[in-house]
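Here the structure comes first, spelled out in structure tokens, and everything after it is commentary.
Numbering (the working numbering), first residue to last: 2 to 597.
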């Protein structure tokens, strides 16, 4: 029996040792797994924080220690919101800690759109975060884990790109795209009948003078200084934007037309009193301001911008450096809107080949049957097949900078027609083509004309370009350059509507022209108005003294022809001599006149 007892005791001891050894192995294996897990957590590039079910920190990996500023030895056992402090980067307001929400089993944990981690030492990190509960097999929550990473550089870059996309790099103001987005929002609120707002469209006066005198670097500096000066003059809720060039826009939310006009006047005065100094030169600039009240009936974005542009244009027409409030029923506004409609009409006319060339003969005095001199006239056929006179659409084309396109079409078409009719034109043939002031200021226009001469083979000596006195004076430097280049090739120039300006004779001796066309307003009434007769006589005499050919326009009857002949005028043009006629359209198309 004793032996059996000892045997049993031995077995029991052996079993005990076996159990202890197995338990020791399990503990060591568990310790190894724990160590492996900790090593894994420390090697992860993202930051990791784990907590127990009460929100007390149980572990931080090395990245979490670095970002929070808390070593694990100090953080262990602390409540997570003491170590992991997150605010919303957009307003710096603390949000309900997402780990606390997770431990409560809430799926609607608060995750700010732009979380910002406030570190222990005062550092701040833009982060991305993910929070998950830790569950037992039973499904009970026994803790939580948050994984986050530093995205400060990425968010800063994204913010910089977003800023660049919505701001003007020169002035730092909101750009046109962002301005229109904000305007559309205000228009929507007004359309619902809840609020009234005000839109200002500001166009600087005399800005071109600074650019032309001192260069674009000076112009850029002027815009920067003006922007910096104007920003403090508006409310924090207002928007000041650079729309392009020297044009600015201002949005005044919750501001009626009376309040808006007071703010506009304040801005206008600030700009008017501003003095820009560049290299010992001082410049004064003004501003023409168009004001539109944004109300329920104002319409959408396009209608508002059109109304503001119209009002600004009216301010310039009425003398500049003033404010014009948009009034839909104003006669000037209706005319301006008519011009806007003409832009689309002109575009369609080009697409549908509805521009046509006419000509009018210019006869020498005394009258002879032979005529080798013609002026080219532009006509437009509308959708109903009716001829539209040029003064119905030319103002709109000038306003919206379409004249260079039209001038190119005319030059290309006329020279193509002359090429195709070369055998029927005498060497003495002279064709006059009108040029707009915009083409005079176009640096590339002379090269275009010379290229057309080369392509068509038309002798430049057969072409006379007509420019108005006012256009030549307004673009004097560039006009003289273009005229000089083309005259060197053999072209001639005529100064049209001479006498209409106040400085005609002063500028005449400086312009490289071959002839002058006496303004038809003097010719038409010269038989009944002694002052008009005296002007025609004076212009003729001075023109001859300077060696220039004189041409009288608006010659409507034989008596005017007789008196002009007596005064020694060289040529006459008008309905009394020849009515405009089409310039062989079918030949023009065959000549390859192209749409611009």
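Ideal Cβ positions, reconstructed from N, Cα and C, are used throughout, including at glycine.
Can you list, in chain order, the residues of its chain with a C-beta nearer than 7 Å to that of residue i? Leave out the 5 residues immediately preceding and following it.
i           : result
residue 368 : 562
residue 404 : 398, 437, 439, 440
residue 488 : 494, 513
residue 385 : none
residue 58  : 50, 52, 76, 77, 78, 79, 81, 84
residue 206 : 286, 287, 288, 289, 321, 322
residue 56  : 80, 81, 100, 101, 104
residue 576 : 557
residue 129 : 149, 150, 152
residue 280 : 215
residue 476 : 438, 441, 442
Can you check DSSP and say which residues form a bridge with residue i?
i           : result
residue 467 : 435, 495
residue 419 : BP columns for residue 419 are empty, so no partner.
residue 356 : 381
residue 248 : 204, 245
residue 86  : 119
residue 131 : 148
residue 52  : 58, 145
residue 125 : 119
residue 582 : 360
residue 136 : 142
residue 388 : 382
Give every residue of the same chain whose Cβ lies closer than 8 Å to the Cβ of residue i, excluding the five residues on either side of it in the sequence, and list them in chain order.
i           : result
residue 602 : As shown, the chain starts at 2 and ends at 597. That puts residue 602 outside it, with no answer to give.
residue 22  : At residue 22 the pLDDT is 49, less than 50, meaning the model places this residue with poor confidence and gives no usable figure here.
residue 122 : 70
residue 364 : 372, 374, 572, 573, 574, 578, 579
For residue i, collect the residues of the same chain with a Cβ closer than 6 Å to its Cβ; drop the 5 residues on either side in sequence, then sort them by chain order.
i           : result
residue 103 : 110, 132, 134, 145
residue 536 : 500, 523
residue 360 : 375, 377, 584
residue 465 : 431, 433, 493, 495
residue 581 : 359, 361, 378
residue 179 : 167
residue 446 : 440
Counting C-beta neighbours from all protein chains within 10 Å, is the total for residue i 16 or more, i.e. buried, or is it exposed?
i           : result
residue 127 : buried
residue 443 : buried
residue 71  : buried
residue 314 : buried
residue 527 : buried
residue 353 : exposed
residue 327 : buried
residue 218 : exposed
residue 409 : buried
residue 303 : exposed
residue 558 : exposed
residue 163 : exposed
residue 381 : buried
residue 427 : exposed
residue 484 : buried
residue 247 : buried
residue 310 : buried
residue 137 : exposed
residue 139 : exposed
residue 169 : buried
residue 412 : buried
Is the beta carbon of residue i less than 8 Å from the beta carbon of residue j?
i           : j           : result
residue 375 : residue 432 : yes
residue 496 : residue 518 : yes
residue 461 : residue 491 : yes
residue 242 : residue 176 : yes
residue 550 : residue 520 : no
residue 94  : residue 87  : no
residue 91  : residue 115 : yes
residue 457 : residue 417 : yes
residue 325 : residue 251 : no
residue 198 : residue 264 : no
residue 210 : residue 268 : no
residue 420 : residue 389 : no
residue 373 : residue 429 : yes
residue 188 : residue 299 : yes
residue 540 : residue 556 : no
residue 201 : residue 245 : no
residue 316 : residue 293 : no
residue 394 : residue 451 : no
residue 172 : residue 225 : yes
Taking 7 Å as the cut-off, is the beta-carbon of residue i closer than that to any non-hydrogen atom of the ligand FAD?
i           : result
residue 522 : By its list of ligands, the structure shown contains no ligand whatsoever, and the ligand FAD lies outside what it can speak to.
Please give me, in chain order, every unbroken run of the beta strand (DSSP E) with length at least 3 that falls completely inside the segment 506-574. Counting only runs of 3 or more, we get 516-519, 550-553.
Ranges of the alpha helix (DSSP H) found wholly within the segment 253-326, counting only runs of at least 4
With a minimum length of 4 residues, the continuous alpha helix (DSSP H) runs that stay inside the segment 253-326 are 258-274, 302-318.
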